[in-house]
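These notes concern the structure reproduced below.
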Amino acid sequence: MIYLLLTYQTECAKMFLLKCLKGVMRMKRVFLRIACFVLAASAVALCACAGVSVRDIDVVAVGASLRDEFVAEARGYTYSSDSDIWTLDEDMVRSVYGDAGEMPDYQSLTEYFVYLDTTTPTDPCEFGIFKLNDQADKALFRDFLKARVAMLLANAKNYPSVKTGALKTAEFGAQGNYVWYFVISGRNAEANSRLVSLLNGDE
C-alpha cells in the first residue's frame, strides 16, 4: 500500500514537473517572438533614420520657384541672400516682421528667401525659407515665425475684412539647417510638401 502511494505521488510529481517544463518552454517561445519583433522593429527604425538625409538646396532658387508656382500674382517684395538691395538684417526684420517674439540671431543666416506681399492687406500672403549655420537655434527661429503668424491673427480680429484662412492653416517646418513657413491662401500644404520633397531628395 505504501509502495503504491509513493508510486502515485512520484507520478504526480513527474506530471507536475512536465507541465511546468511545458509552460516554461511556451513562455520562452513567447519571449523569443517578442524579442524578434522588437529587434526587427528597431532595425526598421534605424534604417529609416539612416535613410533620411537633408539634401543641400539653393534656397534662393527654390524660393523663387515656389513663389512662381504657388503665388497667383507675385506683386510683393522679395528679400533674398543674393540681393544687393532687398536684404535682411535686424533692423529690416523688425520693420518687416515687427516684434513678434524673441528675436533670433540673424547673423546665423547663411541663405534666405522671403516673399512678402502687402499690396492687399486683407489677404495676407508671405513665406520664407531660411538656411542657418550649425550653431543656430533652429527652434527659436521657428518659434519666431510662429509668433509672427500668431500676431497677424490677433491683429486680424480688429479688422473683420481680413481673410485669415491662410494664417490659420500656415505651415511651419524645420529640417537639418533649414527653417521655413508658408502663408499662401489655399496652397500652404502643397508648398510645404513640395519643399519637404526637395529637401528629402524626392524631386
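Residue numbers for the sequence shown follow the working numbering, so the first one is 1260 and each next one is one higher.
Built from N, CA and C at the ideal position, the CB exists for glycine as well.
Predicted model only: the values in this text are computed from it and were never measured.
> Where does the unbroken alpha helix (DSSP H) through residue 1449 begin, and where does it stop?
Replying inline: For the purposes of this step, residue 1449 is taken as residue 190 along the sequence shown, with counting starting at 1. Segment 1447-1459, the alpha helix (DSSP H) holding residue 1449.
> Between residue 1443 and residue 1330, is the Cβ-Cβ spacing less than 8 Å?
Replying inline: Residue numbering aside, residue 1443 sits at position 184 when the sequence shown is read from its first letter. Residue numbering aside, residue 1330 sits at position 71 when the sequence shown is read from its first letter. Closer than 8 Å, so yes.
> Are at least three pairs of beta-carbons, each pair with one atom in the segment 1361-1377 and one in the segment 1389-1398, less than 8 Å apart?
Replying inline: yes
> Assuming residue 1450 contacts residue 1386 under a Cβ cut-off of 8 Å, what Cβ separation, rounded to an integer in Å, is found between them?
Replying inline: For the purposes of this step, residue 1450 is taken as the residue at position 191 of the sequence shown. For the purposes of this step, residue 1386 is taken as the residue at position 127 of the sequence shown. So it is a contact: roughly 7 Å between Cβ atoms.
>> I'd like the list of long-range same chain contacts for residue 1336, defined as Cβ closer than 6 Å, with 5 residues on each side in sequence excluded.
In response: For the purposes of this step, residue 1336 is taken as residue 77 along the sequence shown, with counting starting at 1. Excluding positions up to five away in sequence, the list reads 1375.
>> Please report the distance separating the alpha-carbon of residue 1416 from that of residue 1430.
In response: Translated into positions along the sequence shown, residue 1416 becomes position 157. Translated into positions along the sequence shown, residue 1430 becomes position 171. Those two C-alpha atoms are separated by around 21 Å.
> Residues bridged to residue 1339 by DSSP?
Replying inline: By one-based count along the sequence shown, residue 1339 stands at place 80. According to DSSP, which records beta bridges pairwise, residue 1339 is partnered with 1372.
> Cα separation between residue 1298 and residue 1320?
Replying inline: Taking the sequence shown and counting its residues from 1, the one referred to as residue 1298 is at position 39. Taking the sequence shown and counting its residues from 1, the one referred to as residue 1320 is at position 61. Note that residue 1298 scores a pLDDT of 40, beneath 50, so its modelled location is shaky and nothing firm can be said.
>> Applying the 10 Å Cβ sphere with the 16-neighbour rule, what's the burial state of residue 1383?
In response: Reading the sequence shown from its first residue, position 124 is the one you call residue 1383. Residue 1383 comes out buried.
> Which residues bound the alpha helix (DSSP H) around residue 1328?
Replying inline: Here residue 1328 refers to the residue found at position 69 of the sequence shown. 1318-1329 is the extent of the alpha helix (DSSP H) around residue 1328.
>> One question on the structure: do residue 1458 and residue 1437 come within less than 8 Å of each other, judged by their Cβ atoms?
In response: What you label residue 1458 is simply residue 199 of the sequence shown in a count that begins at 1. What you label residue 1437 is simply residue 178 of the sequence shown in a count that begins at 1. Yes, Cβ-Cβ distance for residue 1458 and residue 1437 is below 8 Å.
>> Output needed for residue 1447: all residues of its chain with C-beta closer than 8 Å, excluding positions within five of it in sequence on either side, in chain order.
In response: To locate residue 1447, count along the sequence shown from 1; it is residue 188. For residue 1447, where only same-chain residues beyond five positions count, the Cβ hits under 8 Å are 1425, 1428, 1429, 1430, 1441.
>> Between which residues of its own chain and residue 1378 is the CB-CB distance below 8 Å, once the five residues before and five after are set aside?
In response: Taking the first residue of the sequence shown as 1, we reach residue 1378 at position 119. Cβ within range, chain order: 1334, 1335.
>> As a quick exercise: from 1460, 1403, 1350, pick the residue whose alpha carbon is nearest that of residue 1361.
In response: In the sequence shown, residue 1361 corresponds to position 102, counting from 1. Comparing Cα-Cα distances from residue 1361 to each of 1460, 1403, 1350, the minimum goes to 1403.
>> Rounded to whole angstroms, what is the Cα-Cα separation between residue 1346 and residue 1380?
In response: Counting from 1 along the sequence shown, the entry for residue 1346 is found at position 87. Counting from 1 along the sequence shown, the entry for residue 1380 is found at position 121. In a straight line, the C-alpha of residue 1346 is about 22 Å away from that of residue 1380.
> Do you know whose CA, among 1410, 1389, 1338, lies nearest residue 1315's CA?
Replying inline: Sequence index remark: in the sequence shown, residue 1315 carries index 56 (1-based). The candidate whose alpha carbon is nearest that of residue 1315 is 1389.
> Tell me which same chain residues have a C-beta within less than 7 Å of the C-beta of residue 1291, skipping the five on either side of it?
Replying inline: Here the question's residue 1291 lines up with position 32 in the sequence shown. Its pLDDT being 41, under 50, residue 1291 is placed unreliably in this model, and the value from its coordinates should be taken loosely. Cβ within range, chain order: n/a, list empty.
> Could you check where the alpha helix (DSSP H) with residue 1411 kicks off and where it finishes?
Replying inline: Taking the sequence shown and counting its residues from 1, one reaches residue 1411 at position 152. Per DSSP, residue 1411 belongs to the alpha helix (DSSP H) from 1397-1415.
>> Under DSSP, the alpha helix (DSSP H) around residue 1424 begins and ends at which residues?
In response: Translated into positions along the sequence shown, residue 1424 becomes position 165. Residues 1424-1427.
> Which stretch, first to last residue, makes up the beta strand (DSSP E) that contains residue 1433?
Replying inline: Counting from 1 along the sequence shown, the entry for residue 1433 is found at position 174. Residue 1433 -> beta strand (DSSP E) spans 1430-1434.
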